[in-house]
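Residue numbers (our numbering), protein chains in the order written: chain D, 370 to 464; chain W, 370 to 464; chain R, 370 to 464; chain X, 370 to 464; chain F, 370 to 464; chain A, 370 to 464; chain E, 370 to 464. Cβ coordinates follow ideal geometry from the N, Cα and C atoms, glycine included. On a predicted model such as this, the values are computed, not experimentally measured, just so you know. One structure is given below, encoded as structure tokens.
Here's what the structure looks like:
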């Protein structure tokens, strides 16, 4: 992938939204207002401190993450959609 | 549990909401606008300072806590519901 | 008491609201919009600085304090009501 | 007086509002939207820095001050009314 | 003058508002929404840093200044009107 | 080019907006609310820290970037249009 | 010129607004919502840091600059109009 996010940003590939539960029940809309799952596909060099030092990110390419439904900005690269967000908008790493 | 919250976040399992007092009286709605009780089931590594050092959390897995009714974001892991919030949103440890 | 407030928070037991002045005159509603009196029943370890050091509180358990009418969050422990607030919301120590 | 304000707060006894000018002219309402005069009757230990050091106040008990009309919180101690405000809300020392 | 402003504040005596230009033309109202001219008549000791050091002011008593029309608070001392404002509200020194 | 942006700002030449996809499909309006692509044509010296040191930018002249649709201010130089924005408004470098 | 701006402020003489393009076409109103061009005629000593050190400005008297249309405060000196603004409101130096 040929995107390099700036600073403390990461690029996230959204996981397929499961609209059915394991048992095959179709989820109502409200149930989907939950954090979303995604995979980190690119990370920035890190946050630049006030003195100009770089603080590397905690996340790594390949991490599966949870993020808030309204986090990040949508971008399209090579006709694929991604999200770009700051590491601080990522809630947790899964698995 | 296989969630690792990022930074100064914790994952909380909400305690059952007691809708009756000890004497069996059903609580009115307003009485439930109180802080909620929960149990810490996962904690982050800690807050990253401006210089990139990690400040570990005070809370530990297993702590029973009080938190504000509107704190945190709901997440679902393995079909169980949890809350993810910042340590600073936790009001107190009980017991 | 078995609550440990987090950080720079304190737990306050509200003093009985005197609805009469010493001379027995019933106070009008506006007169009650004043800061409230209470007693400190539990204190946190102190504020964690940006570098992770703990700055202990100035208040001690047993202090009688004044606090703003809208400060703090109500909590119920063992069927008794308390307020939990940050030390900075406490205006003064009395007596 | 038995109130000890917390941190960088001071307790102020409001001066009698002069409703007449020296020449005996009754002041209109707008003229009273000015800063108020008062006397410092108690001072806090000082502001606690981020590292936990105490920075003492500049004001002393007995200072006559000017403060903004809407500064501070009213408190009643021993049936007398006072104001409690932060030192930074005090505009100037007079005399 | 017997006022000592606190911290980084200055006391300003407003210059007479010229309602006519040099050529004697009466200025319209909008033209008066400009910064105002005044003279510094008293200055504070300076801003207290977070660590409690005093940073003295740049302005001196006697400086003629420009300040924003809505800056400062009006005060009356010995029946004369002044403005009290922070040094940072002063735009420039003239002459 | 004869513009030197101040501080941590960059000058960006907006890439032609592709209104058709590769397959020649005309994009609907909503699809264009995406971050925009552009090329860096000038960069500032860098951010000045609180102590007056200069922290140079990460971006270089010639970088192809993504930026938020509402970032930056439009400027016209020699009858050509550019955007001027802070480095922190740039989301990613491409290619 | 006899104005000395305070701190990190500069005094700007606005360039004549060209209402026609080179080809003589009269610009519509919207086209004028662009940053404006001006010349620096006076600069302050620089920003005072929290510790009281002076950080000199980057701009010099004589620089031709671009600034946002709504930046600065209008001042009139010797019947000429100028703008006074903070250095951070200046977008770029031209030429």
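Check your understanding: Name the residues in the region 420-453 of chain D whose C-beta lies less than 8 Å from a C-beta of chain A; which are they?
Key -> 420, 421, 442, 443, 444, 445, 446, 448 and 453
Exercise for review: Check the DSSP bridge columns for residue 373 of chain A and list the partner residues they point to.
Suggested key: E:462
Check your understanding: Mind pulling the chain D residues with CB within less than 7 Å of residue 416 of chain W?
Key -> In chain order: nothing, as chain D lies at least about 10 Å away.
Review point. Any Cβ of chain W within less than 7 Å of the Cβ of residue 401 of chain D?
Key: Per-residue confidence for residue 401 of chain D stands at a pLDDT of 47, beneath the threshold of 50, marking its modelled position as unreliable; no derived number is given.
Exercise for review: Go ahead and label residue 447 of chain R buried or exposed: buried means 16 or more other beta carbons lie within 10 angstroms of its beta carbon, across all protein chains shown.
Suggested key: exposed
Check your understanding: Is any beta-carbon of chain X found at less than 7 Å from that of residue 460 of chain F?
Key -> no
Exercise for review: Can you pull the chain A residues whose beta carbon is under 9 Å from the beta carbon of residue 376 of chain E, in chain order?
Suggested key: By Cβ distance, chain A contributes nothing, its closest Cβ being about 13 Å from residue 376 of chain E, past 9 Å.
Practice item. For residue 464 of chain F, return the contacting residues in chain E, with the cut-off set at a CB-CB distance below 8 Å. Key: 371
Exercise for review: Determine the contact status of residue 372 of chain E and residue 407 of chain E, defining contact as a CB-CB distance below 7 Å.
Suggested key: no
Check your understanding: Using a threshold of 6 Å, is the CB atom of residue 422 of chain E nearer than that to any non-hydrogen atom of the ligand COA?
Key -> In terms of ligand content, the structure shown is empty, and the ligand COA therefore cannot be addressed.
Check your understanding: Comparing alpha-carbon positions, which option in A:432, A:436, A:377 and A:451 lies nearest residue 445 of chain D?
Key -> A:436
Exercise for review: For residue 439 of chain D, collect the residues of the same chain with a Cβ closer than 6 Å to its Cβ; drop the 5 residues on either side in sequence, then sort them by chain order.
Suggested key: none
**Study point:** Closest residue to residue 455 of chain R among R:442, R:463 and R:464 (Cα-Cα distance)
**Key:** R:442
Review point. Roughly how many angstroms separate the alpha carbons of residue 421 of chain A and residue 452 of chain W, rounded to a whole number?
Key: 43 Å
Check your understanding: Do residue 379 of chain X and residue 375 of chain F have their C-beta atoms within less than 7 Å of each other?
Key -> no
**Study point:** Element boundaries [beta strand (DSSP E), containing residue 422 of chain F]
**Key:** Here residue 422 of chain F belongs to no beta strand (DSSP E), and DSSP marks it neither H nor E.
Exercise for review: Using three-state DSSP, classify residue 456 of chain X as helix, strand or coil.
Suggested key: helix
Review point. Quick one: what's got a C-beta closer than 6 Å to residue 463 of chain X's C-beta in the same chain, skipping five residues either side?
Key: 433
**Study point:** residue 414 of chain F in three-state terms, based on DSSP
**Key:** coil
Practice item. Give me whichever residues DSSP pairs with residue 435 of chain X in a beta bridge. Key: X:406 and X:461
**Study point:** C-alpha distance - residue 405 of chain D paired with residue 381 of chain D, whole-angstrom precision
**Key:** 11 Å
Exercise for review: Give a yes or no on whether the C-beta atoms belonging to residue 345 of chain R and residue 409 of chain R are separated by under 7 Å.
Suggested key: Residue 345 of chain R is absent from the structure shown; chain R starts at 370 and stops at 464.
Exercise for review: Take residue 461 of chain W and list the residues in its own chain whose beta-carbon comes closer than 6 Å to its own, dropping the five residues that flank it on each side.
Suggested key: 435
Exercise for review: State buried or exposed for residue 419 of chain E, treating a residue as buried only when at least 16 other CB atoms are found within 10 Å of its CB.
Suggested key: exposed
Exercise for review: Could you name the residues that DSSP lists as bridge partners for residue 382 of chain E?
Suggested key: E:408
**Study point:** Nearest-angstrom Cβ-Cβ length linking residue 415 of chain F and residue 377 of chain F, presumed shorter than 8 Å
**Key:** 6 Å
Review point. Leaving out the 5 sequence neighbours to the left and right, which residues in its chain are closer than 6 Å to residue 466 of chain W when beta-carbon positions are compared?
Key: Outside the modelled stretch of chain W, which goes from 370 to 464, sits residue 466 of chain W, for which no answer is possible.
Practice item. Grab the span of the beta strand (DSSP E) containing residue 443 of chain X for me, first residue to last. Key: 442-446
Review point. Among the residues of its own chain, which have a CB less than 7 Å from the CB of residue 417 of chain D, if the five just before and after it don't count?
Key: 376 and 423
Review point. For residue 450 of chain F, which residues of its own chain have a beta-carbon under 8 Å away from its beta-carbon, when the five flanking residues on both sides are left out?
Key: 383, 443 and 444
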